[in-house]
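Heads up: take any position in the sequence shown, counting from 1, add 239, and you land on the working numbering.
For each residue, glycine too, the CB sits at the ideal point set by N, CA and C.
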Amino acid sequence: MKSSGRWFTIGLVSSWYSSNIGVLLLNKYLLSNYGFKYPIFLTMCHMTACSLLSYIAIVWMKMVPLQTIRSRVQFMKISALSLVFCTSVGVVIASGGEPSFHLFGFIMCVGATAARALKSVLQGILLSSEGEKLNSMNLLLYMAPIAVVFLLPATLLMEENVVGITLALARTDIKIIWYLLFNSTLAYFVNLTNFLVTKHTSALTLQVLGNAKGAVAVVVSILIFKNPVSVTGMFGYTLTVIGVILYSEAKKRSK
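Laid out in structure tokens, this is it:
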């Protein structure tokens, strides 16, 4: 039983890694190579897809029972999670898997990492605390629409006429629509598996795995996009991997 549980967790982490790296690489292609420089709108597309697909999975397909928000406090926690998510992902989506160094980008990355850590703790509370416990699919169902509400005004203010630009672009190249649809659908699986990994491990483990995933994403990005890598960058990635190994060993010994 214990062995099957371990393999289930490994499968979850593998699914999270593969879908997450896929989204990061497609984001990089759209934002850098394709020239679609609208990260906030892209994140809003992700959250819109999460809202719709979660609703279909729970309400129509009845994959899990629909849970209701039980208190104002619980709603505020979900709203806080949505806000932190928007803050962390809006930055990460524009720089994820990017080995090139820039001071402002580094500062933003540190801020995003801190926000992501807070997000992991918040979602861990919502997935496991007694009296307010939500399953992963229901948490995503409630979190995603609130995130869209936060992202919509930011999109309108900071990425003016992005919908019109996207439609105009689609008239000359219909592939952009398919890219956005596939990217958004993949983002649903990223968020769902992220919540599942948090539930079956811990917020700290999720952060360690996330750091390792970042290093893997950079390696894949280098292989695909041929990005130059400095000695300092390689040293940083090596430290990340060593940290993951040490954490894994410490966790084994504690058991």
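The Cβ atoms of Ala383 and Val262 do not sit closer than 9 angstroms to each other. A straight-line Cα-Cα distance of about 26 angstroms links Met286 and Phe247. In terms of Cβ geometry, Cys289 and Ala393 do not form a close pair [threshold 9 angstroms]. Within the stretch 365-397, the complete alpha helix (DSSP H) segments of 4 residues or longer fall at 375-397, listed in chain order. Rounded to whole angstroms, the gap between the alpha carbons of Tyr268 and Ile404 is 18 angstroms. Within the same chain, Asn266, Leu269, Leu270, Phe275, Ile332, Leu419, Asn422 come within 8 angstroms of Leu281 by CB-CB distance, once the 5 residues on both sides are set aside.
Per the C-alpha coordinates, the member of Arg309, Ser254, Tyr273, Leu251 positioned closest to Lys414 is Tyr273.
Under the three-state reduction of DSSP output, Val252 falls in the helix class. Note on Met376: 16 or more other CB atoms within 10 angstroms of its CB, so buried under the neighbour-count rule. The Cβ-Cβ distance between Ser258 and Thr432 falls below 9 angstroms. Short of 8 angstroms from the beta carbon of Gly370, and not among the five residues preceding or following it, lie these beta carbons of its own chain, in chain order: Arg309.
Secondary structure at Met302: coil, using DSSP grouped into helix, strand and coil. At least 9 angstroms separates the beta-carbon of Gln313 from that of Asn374. Taking the Cα positions, Ser359 is about 23 angstroms away from Val303.
Here DSSP, grouped into helix, strand and coil, assigns Asn400 to coil. Contact check for Phe428 against Ser321 fails: the beta carbons are separated by 9 angstroms or more. Rounded to the nearest angstrom, the gap between the Cα atoms of Phe324 and Thr424 is 18 angstroms. The beta carbons of Ile317 and Tyr277 sit about 26 angstroms from each other, so the pair does not count as a contact at 8 angstroms. Between Ala407 and Ile416, the gap from beta carbon to beta carbon reaches 9 angstroms or more.
In this chain, the alpha helix (DSSP H) harbouring Phe421 covers 414-439. Annotated three-state conformation of Gly244 is helix, per DSSP. In the three-state reduction of the DSSP assignment, Thr307 falls in the coil class. About 29 angstroms separates the beta carbon of Phe434 from that of Leu395, a gap too long to meet the 8 angstroms contact definition.
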